[in-house]
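Colleague:
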Amino acid sequence: MADLFTIRDAQENDLSVLNAYNYQEGMDAFPSIENIRVAVNSEGEIVGYLRLAFSPEGIAHVNPVVTYPTWRGYGVGRALMDEALERYGELRFVARGASVGFYEKLGYAAIPWEDVCLDVAEDCRVCTLVDECNPQPMGKKIR
-18 MADLFTIRDA QENDLSVLNA YNYQEGMDAF PSIENIRVAV NSEGEIVGYL
32 RLAFSPEGIA HVNPVVTYPT WRGYGVGRAL MDEALERYGE LRFVARGASV
82 GFYEKLGYAA IPWEDVCLDV AEDCRVCTLV DECNPQPMGK KIR
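This is the structure:
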């Protein structure tokens, strides 16, 4: 399936597309393209993306990973997560409750809230949908 899309760094002209999708999904706009990787199809259209935040200790935190609905089931989210894990050796994030099974299939496991970067965990603390989302901190380390 990897021949269906490629992964690259986000470019400045991608920001409006990313933020339009963030808005549609009820997420805040990205202030910049820093630490964002995008999956693009053969026409160069973005089909998914992943943004990283880094803790003061330098641990990579996914915040968020998104696959466009029409591209779910084609391995986009998995490829973005696998690439980030390979690059940084460890990933942490907060999964929406409904997504926990997907991440467990990728080998991620529950971690304590205190192991999640405060900036990432804060999103859940102030979110009005936290009860319906049922967020779960998760992580995986390969190095």
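Each residue of the sequence shown is one higher than the one before, starting from -18 at the first, in our numbering.
Virtual Cβ for every residue (Gly too), placed ideally from N, Cα, C.
Keep in mind that this is a model prediction, so the values were computed, not measured.
#1: Anyone know if the C-beta pair for A34 and C98 falls short of 8 Å?
#2: What residue does the beta strand (DSSP E) around A1 start on, and which one ends it?
#3: Report buried or exposed for Q5, applying the criterion of at least 16 other Cβ atoms within 10 angstroms of its Cβ.
#4: Across the segment 66 to 83 and the segment 35 to 50, are there enough close Cβ pairs to call them in contact, namely three or more that are closer than 8 Å?
#5: For a test of the three-state rule: what should DSSP assign to A76, helix, strand or coil?
#6: Are the CB atoms of V81 and F(-14) within a distance shorter than 8 Å?
#7: How many angstroms separate the CA atom of E64 from the CA atom of Q(-8)?
#8: Quick check on the burial criterion: 16 or more other C-beta atoms within 10 angstroms. Buried or exposed for V19?
#9: Measure the C-alpha to C-alpha separation of N3 and A10 and round it to an integer number of angstroms.
#10: Is L66 close to chain B? Criterion is C-beta to C-beta, closer than 8 Å.
#11: Cutting at 8 Å between CB atoms, please list the residues of its own chain near I123, excluding the five before and the five after it.
#12: By how many angstroms is the C-alpha of I(-12) removed from the C-alpha of W52?
#13: Which value, in whole angstroms, describes the spacing of the CA atoms of R32 and L(-4)?
#14: Under 8 Å, do A91 and P118 count as touching if we go by C-beta distance?
#15: Out of I14, K121, D(-16), which has the shortest C-alpha to C-alpha gap to E24?
Modeller: Well, looking at it:
#1: A contact, by the Cβ cut-off of 8 Å.
#2: Boundaries around A1 are those of the alpha helix (DSSP H), -4 to 5, since no beta strand (DSSP E) includes it.
#3: That one is exposed.
#4: Counting Cβ pairs under 8 Å, three or more are found: they touch.
#5: The three-state secondary structure of A76, taken from DSSP, is strand.
#6: No, the Cβ-Cβ distance between F(-14) and V81 is not below 8 Å.
#7: Taking the straight line joining both Cα atoms gives about 18 Å.
#8: By the 10 Å Cβ count, V19 comes out buried.
#9: Using only the alpha carbons, I get a separation of about 6 Å.
#10: Among the protein chains of the structure shown there is no chain B, as only one such chain exists.
#11: Annotation for I123: L66, E67, G70, E71 place their beta carbon closer than 8 Å to its own, counting only its chain and skipping 5 residues before and after.
#12: Their Cα atoms are separated by approximately 14 Å.
#13: Answer to the nearest angstrom: the Cα atoms are 12 Å apart.
#14: P118 sits close to A91, with the two beta carbons spaced by under 8 Å.
#15: Of the listed residues, the one whose Cα sits closest to E24 is D(-16).
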